[in-house]
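Take a look at the structure set out below.
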Amino acid sequence: MSSVDDLDREFRKTRNPELKRALLVLKRQAQRRASSLKHQRKIVDAQARVIFKQHYNPKGPKGKKWEGGNNGVYARQFRALMTKRHKLHERVARLVPEKIEPEWDSP
15 MSSVDDLDRE FRKTRNPELK RALLVLKRQA QRRASSLKHQ RKIVDAQARV IFKQHYNPKG
75 PKGKKWEGGN NGVYARQFRA LMTKRHKLHE RVARLVPEKI EPEWDSP
């Protein structure tokens with residue numbers, strides 16, 4: 015469950031116009047914050063992609079696929095960026111609901 019889903023549920027329950035307005039403001043703030051976090055995640059993705067393309071050799075020998083070894087500078091940088099990306103993704107998921115694509119049944 016995301017915070018926007020929780021706010022939507024409370025929004026439907028209440029009849030107080032001031033509370034509805036406050037809930038709407040909170041929902042918009044959550045969406046704005048999520049948008050900002052998504053932008054940060056996009057930048058981290060681009061950085062990780064550059065490091066991966068330049069310093070990873072999938073055809074290299076086991077333990078030497080990364081330039082400088084599996085525990086080298088580039089491998090550590092890549093893992094740190096992916097950890098940061100994962101944390102950003104979790105924060106976005108808490109703020110906004112996940113978009114679910116409808117399943118199309120073929121006849």
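In my numbering, the protein residues as written are 15 to 121.
Ideal Cβ placement from N, Cα and C applies to all residues, glycine included.
These figures come from a predicted structure and were not determined experimentally.
Residue pairing by DSSP places residue 70 opposite 80 in a beta bridge.
If you draw a straight line from the Cα of residue 107 to the Cα of residue 44, it comes to about 11 Å. Nearest to residue 95 by alpha-carbon distance, out of 35, 29, 40, 59, is 59.
In the structure shown, residue 104 falls within a helical segment according to DSSP collapsed to helix, strand and coil.
Counting other Cβ atoms within 10 Å of its Cβ, residue 57 stays below 16 and is therefore classed as exposed. The segment 97-112 and the segment 34-53 touch, with three or more beta-carbon pairs separated by less than 8 Å. Residue burial is scored here from C-beta neighbours: residue 110 has at least 16 other C-beta atoms within 10 angstroms and is therefore classed as buried.
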